[in-house]
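FYI, in the working numbering the residues of the sequence shown are 117 to 666. C-beta atoms are modelled at their ideal positions from N, C-alpha and C, and glycine is treated no differently. Here the structure is laid out as structure tokens; the discussion comes afterwards.
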Amino acid sequence: QEQRRRLLAVASRFPLPSGCRFSYGTAGFRADGATMAPAVCRAGILAALRSVKLAGAAVGIVITASHNPFGDNGVKIADPDGGMMAQHWEPFADALTNAPDPDALLQLVLQFCRDEGIPLGSQHTAQVLLGRDTRPTGAYLLDAALQGINAIVGACAIDMGILTTPQLHWMVRSKNKGVKASESDYFMQLIGSFRRMLELVPKDKIGGEEKLIVDGANGIGGVKLEQIKAELSGLDINVRNSGKEGEGILNHMCGADFVQKERVTPHGFSSEDVGVRCASLDGDADRLVYFRLPSASDNRVDLVDGDKILSLFALFIREQLDIVNNNGGQANKSLSARLGIVQTAYANGASTQFLKSLGLEVAFTPTGVKYLHKRALDYDIGIYFEANGHGTVVFSEDLISQLESLSNELASQAPTGSAQRHAVMRLLATSQLINQAVGDALSGLLLVEAILQYKGWSFQNWCELYSDLPSRQLKVKVKDRSVIVTTDAETKVSQPSGLQELIDKETANYTHGRCFVRPSGTEDVVRVYAEASTQVEADSLAKSVAHHVE
Ligand code: NG1
Ligand code: ZN
């Protein structure tokens, strides 16, 4: 009775505006921030139910619209392992969020709880950790989420404050592992493992380029980096677009999405920065790209995207595994570790070719971190990235314990440290430095910096790993984008019939031509992607395929 009363009450406090229709999409619910309260309140109910279902394990809610404009906002749910909410709950998320009135909402919840075997009532507990970014609607939406959570009897909400998205995911994961989960624990883990990585840099490589300029997209990432940068010895970080008063607007002409899509210098940079290594975060700091201003004469940048960050990580991890397992033929202890790479169809073809040339296994999934992350967990070390800079590295529990025992054994054999032991320690430090819950621009940036120092590489060396194939992305507005259905990790169209044949015919006219189309999961458009051996050809292929889509 109490449960029914609370649900009816909260639903009538947050009526759904007529004409509103929400869909959980690629990354949770997103819309104009001022219209989001009903959806966020219902996400609170959902997160609390998810926690009850999982025997009271902590679940997370992040209030952010990532790289989208300042006036937008959104909400997404993190599962107890710190990853995205299990996909089979998405249909319920959609139904709950679109329930037209309090009574419909109550009936939906009761029915879902019966179907899923979710017990309701005072003897059951739930806990939900909440975080939000710097958007002006954040505090108001946080309150809506709290009211939603509190509508479930036995649920407890813990506001973790203004955070990057990956910080909140990390906290949820840590909390459920029973390890320390506060913001200072997060910072301590990053700073400590970065220091260990630098201690393991070979002596002849010490003294690389320490200077790094970071574009914080005027979001939360820059704020957090300012807090810890003094403790990152070995790096000289200068934050631009840090979100301070007067520096600019969130994600406006700056940030990872802007730099990766437009390939031009973000706001806040000048000719004095020519040649310096720069990085760009997005508004909630779960995406990272690098760039460099090649000259003062125009505003184009040399871009290092997610694919090239992935390639650097893969190269480094592969190298450490080889050292552990070969060690000049003297290894008496070895690791059995399956290393796998996960990409989407948007990965530049040159990156895939490079990774395969290293002998690595490369798997493809549809767009969206939820697919990539899940696939990466199939390996002992899984590395995944989207071209736009979202990605991470995941390690299996089994591999971590193999590494730990190997490290102990080797320490007793060669106390001063063999090459093999150093490689084991680098892999262990990497597993601590990288955020295994979700892509994290801050932790990814520190891993990039540590690897560049280890290899003694300049930005130029990194760029030259391979040359990107010229590519073009176009958006096409259509009446109903859902008529396009894809298969084979979105590389082929299965419906409407005939469209794939047209795409194949166009593509056959180009050397190294590759092209695919898919409906966006976050915008009302169909995306066209084309690659070819020259920019002119990539543009022309994309354009002609776009005509067939219109
Ligand atoms: P959609 O709109 O489904 O293409 C975009 C990005 C994804 C992912 C999501 C979530 C591209 C081509 N697509 O998805 O990679 O980041 O947003 O934010 O960049
Ligand atoms: Zn983001």
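- With contacts defined as CB atoms closer than 8 Å, Ala242 and Gly172 qualify as a contacting pair.
- Note on the segment 358-409: whole beta strand (DSSP E) runs with a minimum of 3 residues are 394-397 and 404-408, in chain order.
- With respect to Val665, Val633 sits close: the two C-beta atoms are nearer than 8 Å.
- Taking the CA atoms as reference points, Leu284 sits about 9 Å from Gly277.
- Taken atom to atom, the span from the alpha-carbon of Val405 to that of Tyr302 is near 22 Å.
- The DSSP-derived three-state label of Val295 is coil.
- Here the alpha carbon of Asp219 sits roughly 47 Å from the alpha carbon of Met304.
- In the structure shown, the three-state DSSP call for Val644 is strand.
- Boundaries of the beta strand (DSSP E) around Cys272: Ala271 to Ile278.
- If you draw a straight line from the Cα of Ser298 to the Cα of Met287, it is about 7 Å long.
- In this structure Phe407 does not touch Val392 by the C-beta definition: roughly 10 Å separates them, more than the 8 Å allowed.
- Residue pairing from DSSP leaves Gly422 without any beta-bridge partner.
- Val417: not part of any alpha helix (DSSP H); DSSP gives it neither H nor E.
- Judged by beta-carbon spacing, Lys319 lies beyond the 8 Å limit of Ala174, meaning their Cβ atoms are not closer than that value.
- Residues Val440, Leu519, Leu522, Ser523 and Leu526 of the same chain have their beta carbon placed closer than 7 Å to that of Val540, with the five preceding and five following residues left out of the count.
- Under the three-state reduction of DSSP output, Cys631 falls in the strand class.
- Separation of the CB atoms of Ser358 and Gly338 is rounded to 4 Å, and the pair is thereby assigned contact status at 8 Å.
- In the structure shown, Leu224 falls within a helical segment according to DSSP collapsed to helix, strand and coil.
- The bridge partners DSSP lists for Gly247 are Val178.
- Rounded to the nearest whole angstrom, the C-alpha separation of Leu222 and Asn189 is 26 Å.
- The C-beta distance from Ala260 to Cys157 rounds to 4 Å, short enough to meet the 8 Å contact threshold.
- The shortest CA-to-CA distance from Val191 to any of Arg166, Ala147 and Leu212 is the one to Ala147.
- Using a Cβ distance threshold of 8 Å, Thr213 and Ala153 do not count as a contacting pair.
- Here Gln589 is exposed, its C-beta having fewer than 16 other C-beta atoms within 10 Å.
- 8 Å or more divides the Cβ of Thr623 from the Cβ of Ser649.
- In this structure His204 is exposed. Its beta-carbon is surrounded by fewer than 16 other beta-carbon atoms within 10 angstroms.
- Secondary structure at Leu314: helix, using DSSP grouped into helix, strand and coil.
- In terms of Cα proximity to Thr468, the closest of Ala125, Leu585 and Asp275 is Leu585.
- Gln536 is positioned such that its CB atom lies no closer than 8 Å to that of Val510.
- Annotation for Asn354: the continuous beta strand (DSSP E) segment containing it runs Asp352 to Arg356.
- Going by C-alpha positions, Cys136 is about 50 Å away from Met313.
- Closer than 7 Å to some heavy atom of the ligand NG1: that does not describe the Cβ of Glu206.
- Note that the C-beta distance between Cys631 and Asp418 is not below 8 Å.
- The closest CA to that of Gly350, considering only Ala466, Glu388 and Gly308, is found on Gly308.
- A direct Cα-to-Cα measurement between Ile179 and Gly144 gives close to 10 Å.
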